[in-house]
Amino acid sequence: MRTTRTAELTTPRARHTLAASMTAPRNLGRRPCELGEAEHHICDAVSRLLPHYAHPDVDRADAVLAGYPNPVPVIAALEIYIDIMLPGRMSHESVGTDDLAVFLMRRLSHAWRLLRPEIERAIPFRWKGEAARTEGPPAPVDPREESYRVIGKFYEQLPQV
């Protein structure tokens, strides 16, 4: 097996070869990786890690939370909203008055892209809240459409915050 430095992963050919070997899990474990030493270790680690992850067609404990909102993008969106209220506080961008509109547009768009899918995932869990327990579950809604409505209402109220 030839040896290579990790830096060689930055070449297009090495990235393509590594990506091709990693996206074809059926080949991992059956044949040795035909890459350099560093890539071989990565490919070998991937082949040993893959069996530990849940696949959509398998009922496993680690797949239970797949449909739940992911807190990482929610927290990132909250940091963006702080940056919107206090421009430049949470980012390294210096914001001048001439650039404020562009800054706000970028940050609000980014927060929307992060938060909307997580709201969509959260919509089906509404019925578990205390209000729903006393008043009964809400009428069924399309989670995608409802996520747009919810975040749209939030954006309407944002200037009042």
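Numbering-wise, my numbering comes out as the position in the sequence shown, counting from 1, plus 996.
Ideal Cβ positions, reconstructed from N, Cα and C, are used throughout, including at glycine.
This one's a predicted model, so the numbers in the text were calculated from it and none came from an experiment.
Within the region 1068 to 1122, the alpha helix (DSSP H) runs of at least 4 residues that lie entirely inside it are, in chain order, 1096 to 1118. Below 8 Å, enough C-beta pairs join the region 1103 to 1117 and the region 1063 to 1070 to call them touching: three or more.
Counting the other CB atoms within 10 Å of its CB gives glycine 1132 a total below 16, which places it among the exposed residues.
Around the CB of aspartate 1079, 16 or more other CB atoms lie within 10 Å, so the residue is classed as buried. For the pair alanine 1135 and glutamine 1153, the Cα-to-Cα distance works out to about 24 Å. Your pair alanine 1107 and tyrosine 1077 checks out as a contact, with CB atoms roughly 6 Å apart and the cut at 8 Å. At the C-beta level, proline 1083 and alanine 1118 stay beyond 7 Å of one another. A Cβ-Cβ contact shorter than 7 Å links leucine 1110 with alanine 1073.
Around the C-beta of histidine 1036, 16 or more other C-beta atoms lie within 10 Å, and the residue is accordingly described as buried. Here DSSP, grouped into helix, strand and coil, assigns alanine 1041 to helix. With a 10 Å radius around the Cβ and a threshold of 16 neighbouring Cβ atoms, arginine 1044 comes out exposed. Short of 7 Å from the beta carbon of valine 1146, and not among the five residues preceding or following it, lie these beta carbons of its own chain, in chain order: Ile1115. With 16 or more other CB atoms across the displayed protein chains lying within 10 angstroms of its CB, glycine 1032 is buried.
Using a 10 angstroms sphere on the CB of arginine 1103, the tally of other CB atoms reaches 16 or more, which defines it as buried.
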